[in-house]
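Asker: The numbering used here numbers the first residue of the sequence shown as 38 and each following residue consecutively.
We put the CB at the ideal spot given by N, CA and C, even for glycine.
Fair warning: this is a prediction, and the values are worked out from it, not measured in the lab.
One structure follows; several queries about it will come next.
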Amino acid sequence: MTRRLLLSYLGLAILVLAGLEIPLGWIYARGEISRASQSVERDASMLAEVTEENIEKGNLDALPDVVGDYATRTGGHVVVTDKQGSVLADSDPSGRTGISIAAQPDIARALRGRPTVATGGDLLSATMPGTSGTTIRGTLRLTYPMAEVNARVHRIWGALALAGACVLAVVAIVAFTLARWITRPLRTLEAATAQLADGRLTNPPDATTGPPELRSLAASFTHTATRLQQLLKAQQAFASEASHQLKTPLTALRLRLENFEPYLDPRAHGSLDESVGEVERLSRMVQGLLALARLENSATTPEPVDLDTVIADRVAMWESLAAEQYVVLAVTGRPAGRVWAIPGALEQVIDNLVANALRVSPPGTTITLHRSPGTAAGVELHVVDQGPGMSEADRARAFDRFWRASDSHHDGTGLGLPIVRHLVNASGGEITLGPASGTGLDAAVRLRPVAGGRSRGASGSPRSTPAAATAP
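Structural data, given as structure tokens:
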């Protein structure tokens with residue numbers, strides 16, 4: 038913004054200077070030419086009188102001295118003719134006398150008693166008749182080079198240009214100082230906004246300098262940011278405290294319900310099991326909400342992660358559970374190498390997607406984790422099941438919180454896919470749901486590859502238990 042303000046001030050100054058200096062220079066140039074023309078006309082008239090007097094007296098030998106002396110003093114060129122147009126004297130030593138120039142337009146006009154003053158090319162000329170009363174005894178042509186006049190004109194243009202450059206320099210200094218003063222609150226506001234986007238505000242914007250409107254804006258932003266930080270801290274405190282405060286009552290409630298079983302009529306055992314199941318589902322929902330709140334409140338930066346190692350690690354952890362349901366986990370595609378992801382995100386993403394796929398996979402089917410490195414969209418990981426799949430309308434709503442398909446028969450909370458999408462987006466990637474070939478669902482995760490990243494293999498990776506996952 039400083040540059041734009043500076044350019045606008047300089048542009049306005051250039052327009053003003055051009056509007057003033059160009060007409061001034063043009064007027065001066067025209068005046069200089071007019072003064073030179075009048076001077077040449079005056080000198081030509083005076084010389085014409087002198088030469089006419091010499092011609093009248095027959096003193097033709099004096100003419101070369103008269104025109105030569107004038108030409109030496111002024112640098113002009115003088116030609117004198119008689120009344121027939123024959124050259125009597127020429128100040129140029131190489132000039133020829135005795136030749137007729139009566140056919141030349143200015144000489145012909147002067148022989149008819151009409152003077153001529155002309156400016157053209159590099160010469161300024163004045164041709165005057167030498168008359169005594171009504172008698173024309175000869176003519177005189179005085180030509181003067183325009184070089185000196187043009188030099189004076191060029192000097193004034195140069196002076197005007199120099200003055201304009203000095204004015205522009207002063208305007209530039211003043212404009213830069215003014216622009217920096219105006220934009221200082223905006224620069225500090227921009228830096229504070231970037232800090233607030235990272236979840237902290239250590240340097241609030243400067244509200245003591247700049248125009249009153251920007252100072253007021255900086256003060257309002259500081260107040261808003263402070264209030265927002267307070268709310269975020271309160272929400273983070275609630276998320277951390279609620280995880281302990283809610284888990285204990287739910288666990289106690291579940292234990293009390295289970296303790297009722299020996300004292301209940303056998304006919305009430307079904308209702309008791311359903312109640313215990315709902316308590317477990319409520320516990321998972323609370324855990325999912327708290328996990329989602331912690332993810333949204335935490336500022337994380339993506340780091341290089343070996344995708345192949347993570348896939349191998351998570352598949353190894355889920356294979357035993359999948360085998361109990363007679364489902365096979367298969368990894369296909371070429372090694373994908375390293376991708377950008379926030380720490381721990383890929384593990385949770387794969388755990389949630391595999392858990393969702395296991396819930397809908399019939400016995401004897403396969404869940405495929407297919408890698409597609411180096412595609413136009415980046416590195417892709419497809420988790421494909423052979424379950425019933427989802428309609429296009431259901432796929433469009435699958436990432437909404439607490440949403441579950443109307444024909445769903447599992448006890449999911451509807452928070453798994455929202456958590457997955459948040460993790461993928463925070464890592465700079467994208468997740469989409471599409472139909473698999475035949476039946477089933479294809480969950481495609483696209484991630485940014487690390488330049489020159491190579492897979493290090495699955496050996497030596499730390500093993501961990503599957504994270505709690507919930508179905509959409």
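Is it right to say D302 is buried, meaning 16 or more other beta carbons lie within 10 angstroms of its own, or is it exposed?
Answerer: Exposed.
Asker: V391 and V457: beta carbons closer than 8 angstroms?
Answerer: No, the pair does not count as a contact, with Cβ atoms beyond the cut-off.
Asker: By how many angstroms is the C-alpha of H459 removed from the C-alpha of R41?
Answerer: Answer to the nearest angstrom: the Cα atoms are 38 angstroms apart.
Asker: Leaving out five residues before and five after V487 in sequence, what residues of the same chain have Cβ atoms less than 8 angstroms from its Cβ?
Answerer: Cβ neighbours of V487 beyond the five flanking positions: P341, G374, R375, V376, W377.
Asker: Can you name the start and end residues of the alpha helix (DSSP H) that D350 belongs to?
Answerer: Start and end: 344-361.
Asker: With a CB to CB cut of under 6 angstroms and the five nearest residues on each side skipped, what residues in its chain are close to A155?
Answerer: Result list for A155: S162, in chain order.
Asker: Using a threshold of 7 angstroms, is the CB atom of E89 nearer than that to any non-hydrogen atom of the ligand SAH?
Answerer: This structure lacks the ligand SAH; in fact it carries no ligand of any kind.
Asker: Could you check where the alpha helix (DSSP H) with G48 kicks off and where it finishes?
Answerer: Where G48 is concerned, the enclosing alpha helix (DSSP H) stretches over 39-94.
Asker: Output the residue ranges of the alpha helix (DSSP H) runs that lie fully inside the region 450-476 and measure 4 residues or longer, sorted by chain position.
Answerer: Correct list: 453-463.
Asker: Check whether the region 231-245 touches the region 196-211, counting contact only when three or more Cβ pairs, one atom from each stretch, lie closer than 8 angstroms.
Answerer: Contact fails: fewer than three Cβ-Cβ distances are below 8 angstroms.
Asker: Measure the CB-CB distance between A147 and T134 and report whether it falls below 8 angstroms.
Answerer: Taking 8 angstroms as the Cβ cut-off, A147 and T134 do not qualify as a contacting pair.
Asker: What separation, rounded to the nearest whole angstrom, lies between the Cα atoms of L100 and G167?
Answerer: Rounded to whole angstroms, L100 to G167 spans 13 angstroms at the Cα level.
Asker: Start and end of the beta strand (DSSP E) containing A198?
Answerer: Unbroken run through A198 is the alpha helix (DSSP H), 184-234; no beta strand (DSSP E).
Asker: Looking at C-beta atoms only, is the number of pairs between the region 81-90 and the region 48-68 that lie closer than 8 angstroms three or more?
Answerer: No, the region 81-90 does not touch the region 48-68.
Asker: Quick check on Q267: buried or exposed, where buried means 16 or more other Cβ atoms within 10 Å of its Cβ?
Answerer: It is exposed - the Cβ of Q267 has fewer than 16 other Cβ atoms within 10 Å.
Asker: Does DSSP put I519 in a helix, in a strand, or in coil?
Answerer: Only positions 38 to 509 of the chain appear in the structure, and residue 519 is not among them; the question remains open.
Asker: With a CB to CB cut of under 7 angstroms and the five nearest residues on each side skipped, what residues in its chain are close to G68?
Answerer: For G68, where only same-chain residues beyond five positions count, there are no Cβ hits under 7 angstroms.
Asker: Could you name the residues of the same chain whose beta carbon sits closer than 8 angstroms to that of P242, not counting the 5 residues immediately before and after it, in chain order?
Answerer: Hits under 8 angstroms: P222, T225, L226, A228, A229, A255, F258, T259.
Asker: Starting from the Cα of E315, find the closest Cα among P299, R304, T288 and give me that residue.
Answerer: Of P299, R304, T288, the residue nearest in Cα terms is T288.
Asker: By DSSP, does R375 sit in helix, in strand, or in coil?
Answerer: In this structure, R375 counts as strand in the three-state DSSP scheme.
Asker: Give the single residue among A394, A73, R432, N462 whose Cα lies nearest to the Cα of L470.
Answerer: Measuring from the Cα of L470, the nearest candidate turns out to be R432.
Asker: Which residues in the same chain as T523 place their Cβ atom closer than 7 angstroms to its Cβ, once the five residues preceding and following it in sequence are excluded?
Answerer: The chain is shown from 38 up to 509; residue 523 falls before or after that span and cannot be answered.
Asker: Compute the distance between the beta-carbons of N393 and G465, then report whether it is under 8 angstroms.
Answerer: Not closer than 8 angstroms, so no.
Asker: Terminal residues of the continuous beta strand (DSSP E) containing R483?
Answerer: Looking at the DSSP string, the run of the beta strand (DSSP E) that includes R483 is 478-484.
Asker: Taking Cβ to Cβ, would you say R293 is nearer than 8 angstroms to V313?
Answerer: Cβ atoms of R293 and V313: not closer than 8 angstroms.
Asker: In angstroms with no decimal places, state the Cα-to-Cα distance between S474 and L418.
Answerer: Each residue's Cα considered, the two are about 16 angstroms apart.
Asker: Let me check understanding here. Comparing Cα to Cα, which of M183, K120, R72 lies closest to T171?
Answerer: When only C-alpha atoms are compared, the closest one is K120.
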